[in-house]
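Peer 1: Each residue of the sequence shown is one higher than the one before, counting from 383 in the working numbering. Glycine included, each C-beta is placed from N, C-alpha and C at the ideal position. I have a structure here, written as structure tokens, and I will follow up with some questions on it.
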Amino acid sequence: EIFPGEEKAWKDALKSNEQQLTNDVKDVNAQISRHVEFTLSRQPFNVDELAMYQASALSVRDKLVHNWNKTQTAHTEKKVKRVYYFSLEFLLGRAYDNALLNLDIKQSYDESLKQLGFSLEDVLDVERDMGLGNGGLGRLAACYLDSTSTCGIPAWGYTLRYSNGIFKQVLSSKGDQVEIPDPWLESGNPFEVPRLDAAVEIKLYGQASRGENGKAGTWTGGTDILAVPYDIPIPGFRATATNTVRAWRSRGKVSFDLAAFNAGAYDAAVREAEEAETITRVLYPSENHEAGKTLRLKQQYFWTAASLHDICRRFRKLREPWSAFPDYVAVQLNDTHPTLAIPELLRILVDEEGQEWDEAWSIVRRTFFYTCHTLMPEALETWSVDLVGWLLPRHLQIIYDINFHFLADVERKFPGDRARLARMSLIEEGSPKRVRMSHLAVIGSHKVNGVAELHSELVQSQLFPDFVEYLGRDHFTNVTNGITARRWLYQCNPALSTLITKALGSEHWVTHLDELKKLQKFAKNEAFKKEWAAAKQVNRNRLCDYIESTTELKVNRKALIDIQVKRIHEYKRQSLNILGVIYRYLQLKKMSPEERKRVVPRLSVFGGKAAPGYYMAKLTIRLITAVSKVLNADEEIREFLNVAFLADYSVSLAEILIPASDISEHISTAGTEASGTSNMKFLLNGGLLLGTVDGANVELGQAAGEENCFFFGVLEPDVRELRLRHQAGQAQYPPQLLEVVDALRSGQFSAGEGDLFEPLLSTIFNGDFYLLSDDFLSYLEAQKMVDAAFVDTSSWVEKCINTTACMGRFSSDRAVQQYAEEIWNVEPVDISQ
Ligand code: F58
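Here's what the structure looks like:
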């Protein structure tokens, strides 16, 4: 039964709903005012900007929901195979502007809001970022969902709905990072739809037993928690297809204990519910204590179990045998965080659905795919066996059983090689014993991919060489990351987008990014170059306005803007950048006023959060802010060199920064940055790359042409040797670096407190794991080349145009299509038929 009651009554009613979604300004006025009056229950005289944001966003949501329903109906009717992207982070940023552009209704809303007494720009600014993520991995997930909708690939994102997303970063008066909570849901979120009816129960703790001979086991007792889904629509660009990010919120199964309450024990009455709600309170709870580790593992299980529950429910409706599960379901594991989905699906198949172990394992291995985003050993997760056994007793048994079969098979292939068994085992021996999640993800998946060519090579040669031998090369592959041109050019850079559209004759490039290639023929066109430079100046002005309104800095609007924004981490080497700035400052100080005038003025911009427990990263922020203070106070120098640390880097701030850069820095020690994605965004917006030969920089350089990039630094194959040299105390320290170190030790940048930055400096003189001293000179050289190139404005702009023109390959549309064809075996679906 599709329609309960009278079909005609339903159809007429739905038709009339559809007719009310038109986009004439008058109709939009009516749609918005309806939400003002009926949803918000307000009157025109007390509509403030927040209310206007809510009402108008809800009217946009209505349009999204309409497409959304059509999409889901088509997917269900056609029984399509869907991909499920499991990611602990979805860094979606703001949704409103993106929806207006994708639905092509921005003009109507602009005009409507004007008529209703508001500026669209101000109303858009009311929206808070959906900060459900912390870095590249989370933003990648957001780009990929955008592309699946645009390309018509049926996809669901599954994540957690943290009531506090990534913390808000503020700076103390001393310039230290201070974390404050970001209760982003405080004034509600018009872009989510709670599905209270689709809540599921998730068990933790309890007792487990194995079945005989791989038959069904049991899991009883324990605590049940509710997982409540909140759905966020992800619209395609000028497309009906609208996919979903489903974010789970944890709730107590019983909201409070009435008996305890009546007995006056008010705290005890809500304790259980509070504990349950804690699971989705924050993203990445600190791991510095046992409670934090337990909470993280709870999050991982809660999320993957709820998501699989959902997927299995959808599958059961098809009435197909379980052996067909992988024909309808592909699950992409975004890093190791969702790896518990592997034993969870096995548990469902064996314990609940009565499948034989071997058959269940085969289904599992055809369902999952694993993306590895790192090479850092410390980021490859392991969990103590005791913790897993306490929280998830049945899963620990299943993991041991998988390991038993797996090691037996390794032993068959490599008889007598005990060292190999120990290296490959899912269990790391020691006290305590630990479960190696990456090993489980590798053997429980059909394919494992890295995120850039160099990285995928290193995943095979450094991280999992034993597994390559055991599973074969074909088990491993590369899909170079991509970014969505909708948000990262069309939306964030209207000045440049308009120019590109004018030059290419249509907006076709927004969904076919390879078309940017045609810009090459304008690279020598003087009139076009002028317009290009003018667009850049619009974006620099926007950034400079932002800097002047949020910091105490006064900036030179003609300065070369050099940006490094990303998580603060030793391997990303913000320290190399800031030491370079100090060196530049020291040289400027030695110059005469006449000499200074010949120097290219610089504005160095930094942004990024440090993990709350990461001391060295926080000290790096302190160093950057300290240098910024000294430069800004130096009237003689500040117009030639200034440093801005912009607090609380976010998707929305990135949208202001990225279009404004002349160069951006992606300067990790070779072999440490898996890919990077902001490098792609900067280059797409016509900024040039200053980078090491690492991650996706390599492919960006090949695409843009090395003559348009500034590469420096040691190469990955040399890193090992150099590290050994440091350990043996045989390293050389260039005098330029020593000059900077002396200045720091003199207290020049720390109000006389000469040892403030000593812990940071001592890492350079003790092992220099990230090879700062080895790369310092070539970094300075590269910066010199940047200055020299920048002076020749005409050829600089030519480089910028040619760079943008070559960015087609870095579209997330290309990336998801590659995943769909080579990994998921999922086909795009035409919603209109
Ligand atoms: C990032 N990883 C990589 N991880 O560092 C970056 O090179 C790559 O471009 C990006 O993934 C997308 O593939 C990343 O963001 C995290 O944030 C981890 C979250 C869990 C704790 C450890 C860091």
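For Thr1059, is the beta carbon positioned less than 7 Å from some heavy atom of ligand 1?
Peer 2: Indexing the sequence shown from 1 puts residue 1059 at position 677. Within the cutoff, so yes.
Peer 1: Can you determine whether any heavy atom of ligand 1 sits closer than 7 Å to the C-beta of Ala524, and answer yes or no?
Peer 2: As a position in the sequence shown, residue 524 is number 142, starting the count at 1. Because no heavy atom of ligand 1 lies under 7 Å away, the Cβ of Ala524 does not count as near it: no.
Peer 1: Please state whether DSSP places Trp538 in a helix, a strand or coil.
Peer 2: The count along the sequence shown starts at 1 and reaches residue 538 at position 156. In this structure, Trp538 counts as strand in the three-state DSSP scheme.
Peer 1: Hey, out of Ser398, Arg949, Ala1008, whose CA is closest to Leu1138's CA?
Peer 2: Within the sequence shown, residue 1138 is the residue found at index 756, counting from 1. Ranking the options by Cα distance to Leu1138, first place goes to Ala1008.
Peer 1: Would the beta-carbon of Pro1141 fall within 8 Å of that of Met998?
Peer 2: Indexing the sequence shown from 1 puts residue 1141 at position 759. Indexing the sequence shown from 1 puts residue 998 at position 616. Yes, the pair counts as a contact, with Cβ atoms nearer than the cut-off.
Peer 1: Following a CB-centred definition, is Tyr996 positioned closer than 7 Å to any heavy atom of ligand 1?
Peer 2: Counting from 1 along the sequence shown, the entry for residue 996 is found at position 614. Tyr996: no, Cβ never under 7 Å from ligand 1.
Peer 1: Out of Lys795, Ser813, Arg818, state which residue places its alpha-carbon closest to the alpha-carbon of Ala761.
Peer 2: In the sequence shown, residue 761 corresponds to position 379, counting from 1. Ala761 has its Cα closest to that of Arg818, out of Lys795, Ser813, Arg818.
Peer 1: Measuring alpha carbon to alpha carbon, tell me which of Pro759, Glu503, Ser494, Ser398 ends up nearest Cys874.
Peer 2: On the sequence shown, position 492 is the one that residue 874 refers to. Closest option to Cys874, Cα to Cα, is Glu503.
Peer 1: Please determine, among Ala834, Ala992, Gly1190, Ser1144, the residue with the shortest C-alpha to C-alpha distance to Lys1220.
Peer 2: Residue 1220 is absent from the structure shown; the chain starts at 383 and stops at 1215.
Peer 1: Relative to the alpha-carbon of Arg620, which residue among Gln1165, Leu1119, Glu889 has its alpha-carbon at the smallest distance?
Peer 2: Your numbering for residue 620 matches position 238 in the sequence shown. Nearest option by C-alpha distance: Glu889.
Peer 1: Quick check: the region 673–682 against the region 647–659, are at least 3 beta-carbon pairs closer than 8 Å?
Peer 2: no
Peer 1: Output the distance between the C-alpha atoms of Lys954 and Ile1049, rounded to the nearest integer angstrom.
Peer 2: By 1-based counting over the sequence shown, the position of residue 954 is 572. By 1-based counting over the sequence shown, the position of residue 1049 is 667. Answer to the nearest angstrom: the Cα atoms are 6 Å apart.
Peer 1: Would the beta-carbon of Asn399 be found less than 7 Å away from any heavy atom of ligand 1?
Peer 2: Stepping through the sequence shown from its first residue, residue 399 is reached at position 17. No - ligand 1 has no heavy atom lying nearer than 7 Å to the Cβ of Asn399.
Peer 1: Would the beta-carbon of Ser1032 fall within 8 Å of that of Ile945?
Peer 2: In the sequence shown, the residue the question calls residue 1032 occupies position 650. In the sequence shown, the residue the question calls residue 945 occupies position 563. No, Cβ-Cβ distance for Ser1032 and Ile945 is not below 8 Å.
Peer 1: Give the range of the alpha helix (DSSP H) segment to which Arg628 is assigned.
Peer 2: In the sequence shown, counting from the first residue as 1, residue 628 sits at position 246. Careful: Arg628 lies outside any alpha helix (DSSP H), inside the beta strand (DSSP E) at 624–634.
Peer 1: Counting pairs of Cβ atoms below 8 Å between the region 895–914 and the region 1201–1214, do you hit three or more?
Peer 2: no
Peer 1: When we look at the beta-carbon of Gln1112 and count the other beta-carbons within 10 Å, is it buried (16 or more) or exposed?
Peer 2: Position 730 of the sequence shown, counting from 1, holds the residue named residue 1112. Answer is exposed; the Cβ neighbour count stays below 16.
Peer 1: Can we say the region 594–608 touches the region 616–635, given the rule of at least three CB pairs closer than 8 Å?
Peer 2: yes
Peer 1: For Gly513, which of helix, strand or coil comes out of DSSP?
Peer 2: Position 131 of the sequence shown, counting from 1, holds the residue named residue 513. Of the three classes helix, strand and coil, the one that applies to Gly513 here is strand, per DSSP.
Peer 1: Among the candidates Glu741, Asp528, Glu471, Glu389, whose CA atom is the shortest distance from the CA of Trp870?
Peer 2: Locating residue 870 in the sequence shown gives position 488, where the first residue counts as 1. It is Asp528.
Peer 1: Taking C-beta to C-beta, are Ile960 and Asp558 nearer than 8 Å?
Peer 2: The count along the sequence shown starts at 1 and reaches residue 960 at position 578. The count along the sequence shown starts at 1 and reaches residue 558 at position 176. Contact: no.
Peer 1: For Trp566, does the three-state DSSP call read helix, strand or coil?
Peer 2: Taking the first residue of the sequence shown as position 1, residue 566 is located at position 184. DSSP places Trp566 in coil when its eight states are reduced to three.
Peer 1: Confirm the yes/no value for this check: CB of Tyr666, any heavy atom of ligand 1, distance under 7 Å.
Peer 2: For the purposes of this step, residue 666 is taken as residue 284 along the sequence shown, with counting starting at 1. Taking the Cβ of Tyr666 as the reference point, at least one heavy atom of ligand 1 falls within a distance shorter than 7 Å.
Peer 1: Throw me the rounded Cβ distance for the Thr718 and Ala823 pair, which I believe falls under 8 Å.
Peer 2: By one-based count along the sequence shown, residue 718 stands at place 336. By one-based count along the sequence shown, residue 823 stands at place 441. That pair is a contact at about 5 Å.
Peer 1: In whole angstroms, what is the alpha-carbon distance linking Val861 and Leu519?
Peer 2: The sequence position of residue 861 within the sequence shown is 479, counting from 1. The sequence position of residue 519 within the sequence shown is 137, counting from 1. C-alpha separation (whole angstroms): 14 Å.
Peer 1: So what's Thr421 in DSSP terms, helix, strand or just coil?
Peer 2: Here residue 421 refers to the residue found at position 39 of the sequence shown. Thr421: helix per DSSP, three-state reduction.
Peer 1: Compute the beta-carbon to beta-carbon distance between Gln413 and Gly570, rounded to the nearest angstrom, for a pair I have assumed lies under 8 Å.
Peer 2: In the sequence shown, counting from the first residue as 1, residue 413 sits at position 31. In the sequence shown, counting from the first residue as 1, residue 570 sits at position 188. Incorrect: roughly 18 Å between the Cβ atoms, too far for contact.
Peer 1: Roughly how far, in whole angstroms, is the beta-carbon of Phe684 from the beta-carbon of Ile584, given that I think they are within contact range, below 8 Å?
Peer 2: Within the sequence shown, residue 684 is the residue found at index 302, counting from 1. Within the sequence shown, residue 584 is the residue found at index 202, counting from 1. Right, their Cβ atoms sit about 5 Å apart.
Peer 1: Using 10 angstroms around the beta-carbon of Lys408, count the other beta-carbons present and answer buried if the total reaches 16, otherwise exposed.
Peer 2: Your numbering for residue 408 matches position 26 in the sequence shown. Exposed, because fewer than 16 other Cβ atoms sit within 10 Å of the Cβ of Lys408.
Peer 1: Please report the distance separating the alpha-carbon of Glu930 from that of Ala1110.
Peer 2: Start at 1 with the first residue of the sequence shown, and residue 930 comes out as number 548. Start at 1 with the first residue of the sequence shown, and residue 1110 comes out as number 728. C-alpha separation (whole angstroms): 48 Å.
Peer 1: Excluding sequence positions up to five away, which residues of its chain have a Cβ less than 8 Å from the Cβ of Val767?
Peer 2: For the purposes of this step, residue 767 is taken as the residue at position 385 of the sequence shown. Here the set comprises Leu778, Ile809, Pro814, Lys815, Arg816, Val817.
Peer 1: For the pair the region 422–435 and the region 465–474, tell me if three or more CB-CB distances fall below 8 Å.
Peer 2: no
Peer 1: Start and end of the beta strand (DSSP E) containing Thr1186?
Peer 2: To locate residue 1186, count along the sequence shown from 1; it is residue 804. No beta strand (DSSP E) contains Thr1186, which is instead part of the alpha helix (DSSP H) from 1175–1187.
Peer 1: Would Arg978 and Ala941 be called neighbours here (beta carbons separated by less than 8 Å)?
Peer 2: Taking the sequence shown and counting its residues from 1, one reaches residue 978 at position 596. Taking the sequence shown and counting its residues from 1, one reaches residue 941 at position 559. Going by C-beta atoms, Arg978 is not nearer than 8 Å to Ala941.
Peer 1: Measure the CB-CB distance between Asn1061 and Ala1078 and report whether it falls below 8 Å.
Peer 2: Counting from 1 along the sequence shown, the entry for residue 1061 is found at position 679. Counting from 1 along the sequence shown, the entry for residue 1078 is found at position 696. Cβ distance < 8 Å, so Asn1061 and Ala1078 count as in contact.
Peer 1: If you count every other CB in all the chains shown that lies within 10 Å of the CB of Gln551, and 16 or more means buried, which is it?
Peer 2: Here residue 551 is taken as the residue at index 169 of the sequence shown, counted from 1. Buried.
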